[in-house]
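A.B. asks: The sequence shown begins at 163 in the numbering used here and counts up by one.
Sharing a structure below in structure tokens format, with a few things to ask.
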Amino acid sequence: MKGLMIKDMFSLRKQMRFFIFVVVSVFVISIMFVLSVKFGNVGRFLEKIQTDENAVSEKITIGLTKLVMLFCLFIPIAFTGNVTEIFLDDYNASFEKLMSAFPISVRKRVAARYISGISFTLTGLCISLILSLVLSLLTTIINFDEYMRYLICFTGVILIYLSILIVLAYIIGGEKTGLVGTLPVIIMVLTGILIKYKTFYKMLFLNGDILLIFFQTAEKIQHMSVTIFVISLLCLILSYILSVFVTERKGGTI
163 MKGLMIKDMF
173 SLRKQMRFFI
183 FVVVSVFVIS
193 IMFVLSVKFG
203 NVGRFLEKIQ
213 TDENAVSEKI
223 TIGLTKLVML
233 FCLFIPIAFT
243 GNVTEIFLDD
253 YNASFEKLMS
263 AFPISVRKRV
273 AARYISGISF
283 TLTGLCISLI
293 LSLVLSLLTT
303 IINFDEYMRY
313 LICFTGVILI
323 YLSILIVLAY
333 IIGGEKTGLV
343 GTLPVIIMVL
353 TGILIKYKTF
363 YKMLFLNGDI
373 LLIFFQTAEK
383 IQHMSVTIFV
393 ISLLCLILSY
403 ILSVFVTERK
413 GGTI
């Protein structure tokens with residue numbers, strides 16, 4: 163099982179190199195943005211839009227600034243959500259046929275795949291938390307506790323995406339990376355719209371203050387971070403059970 167996880171990490175080595183580049187870029191851009199807010203053009207622009215005739219409220223201005231910085235910190239976590247390369251490499255190397263002959267149970271083989279994906283995502287979370295801590299020391303705009311809740315919430319969303327992606331890869335076939343990578347997004351977006359249809363209806367048809375509704379929704383989501391993360395763990399468990407079932411029905415091949 164440990165060997166399978168190491169193999170998966172080798173399959174992700176190209177992504178790992180790009181991941182390091184992304185992390186460094188996000189860190190540099192975030193620092194530059196913070197400095198610009200305090201001393202540069204972004205700060206002057208924010209002051210200007212608050213003093214214009216159609217002035218934007220300070221709350222919304224700060225909210226937009228925090229949102230931009232938060233999206234930057236989402237990038238390392240979002241980058242770790244796609245593990246289709248592992249399935250594609252196995253397919254191209256016909257490794258799925260060889261794997262069925264290994265003296266390792268189907269449960270352990272599937273578990274190794276899940277552990278690899280989860281470990282990659284949690285690595286992204288740890289890096290984003292470290293970046294947010296550093297940024298919170300540089301500016302009062304960022305509150306580390308608040309950002310930590312948002313990052314945990316977003317990690318939960320990525321883990322839900324991962325749970326759908328992996329089980330679809332086992333059902334449809336890992337070589338169909340486009341379909342496997344797209345379907346979870348469609349499923350999650352449609353589910354989100356069905357659950358929060360009233361919010362979407364207000365934003366689209368009632369001509370309300372879209373920014374205000376957005377910030378109110380974000381505030382609610384922030385306080386649901388632990389709940390969403392727990393739901394993601396339950397989704398992973400259900401996904402793992404279904405993946406084992408599908409693999410066993412295929413005779414141990416993926």
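Just so it is clear, CB atoms sit at the ideal spot from N, CA and C, and this is done for glycine as well.
Please read all numbers here as calculations on a predicted model, not as lab measurements.
Below 8 Å between beta carbons: does that hold for Leu293 and Ser192?
C.D. replies: If you number the sequence shown from 1, residue 293 lands on position 131. If you number the sequence shown from 1, residue 192 lands on position 30. In this structure, the beta-carbon distance from Leu293 to Ser192 falls below 8 Å.
A.B. asks: Quick check on DSSP: helix, strand or coil for Asn244?
C.D. replies: Translated into the one-based positions of the sequence shown, residue 244 becomes position 82. In the structure shown, Asn244 sits in coil (DSSP, three-state: anything other than H, G, I, E or B).
A.B. asks: Taking 8 Å as the threshold (C-beta atoms), are Gly318 and Gln390 in contact?
C.D. replies: By 1-based counting over the sequence shown, the position of residue 390 is 228. By 1-based counting over the sequence shown, the position of residue 318 is 156. Per the sequence shown, residue 390 should be read as Ile rather than Gln. Taking 8 Å as the cut-off, the Cβ atoms of Ile390 and Gly318 count as close.
A.B. asks: Do you know how far the Cα of Thr409 is from the Cα of Ile266?
C.D. replies: Indexing the sequence shown from 1 puts residue 266 at position 104. Indexing the sequence shown from 1 puts residue 409 at position 247. Roughly 13 Å between the two C-alpha positions.
A.B. asks: Does the separation of the CB atoms of Val351 and Leu327 fall below 8 Å?
C.D. replies: Residue mapping note: residue 351 aligns to position 189 of the sequence shown, counting from 1. Residue mapping note: residue 327 aligns to position 165 of the sequence shown, counting from 1. No, the Cβ-Cβ distance between Val351 and Leu327 is not below 8 Å.
A.B. asks: Can Ser290 and Ile239 be called in contact, C-beta distance under 8 Å?
C.D. replies: Residue 290 sits at position 128 when you count from the first residue of the sequence shown. Residue 239 sits at position 77 when you count from the first residue of the sequence shown. Contact flag set, yes.
A.B. asks: Contact defined as beta carbons within less than 8 Å: I believe Arg275 pairs with Gln384. What is the distance between those atoms, to the nearest angstrom?
C.D. replies: Residue mapping note: residue 275 aligns to position 113 of the sequence shown, counting from 1. Residue mapping note: residue 384 aligns to position 222 of the sequence shown, counting from 1. The pair is not a contact, with the Cβ atoms about 31 Å apart (cut-off 8 Å).
A.B. asks: Could you spell out the range, first to last residue, of the alpha helix (DSSP H) harbouring Ile333?
C.D. replies: Sequence index remark: in the sequence shown, residue 333 carries index 171 (1-based). Run containing Ile333: Phe306 to Ile334, per the alpha helix (DSSP H) assignment.
A.B. asks: Just verifying my parser: in three-state terms, what is the DSSP assignment at Met386?
C.D. replies: Translated into positions along the sequence shown, residue 386 becomes position 224. It is coil, neither helix nor strand.
A.B. asks: Have a look at Ser401 and Phe180 and give me their C-alpha separation to the nearest angstrom.
C.D. replies: As a position in the sequence shown, residue 401 is number 239, starting the count at 1. As a position in the sequence shown, residue 180 is number 18, starting the count at 1. In this structure, the alpha-carbon of Ser401 lies about 28 Å from that of Phe180.
A.B. asks: Rounded to whole angstroms, what's the CA-CA distance from Val296 to Val185? Just pull it up for me.
C.D. replies: In the sequence shown, the residue the question calls residue 296 occupies position 134. In the sequence shown, the residue the question calls residue 185 occupies position 23. Cα to Cα, Val296 sits roughly 14 Å from Val185.
A.B. asks: What first and last residue would you give for the alpha helix (DSSP H) that runs through Thr302?
C.D. replies: Locating residue 302 in the sequence shown gives position 140, counting from the first residue. Counting along the chain, Thr302 falls outside any alpha helix (DSSP H), and DSSP gives it neither H nor E.
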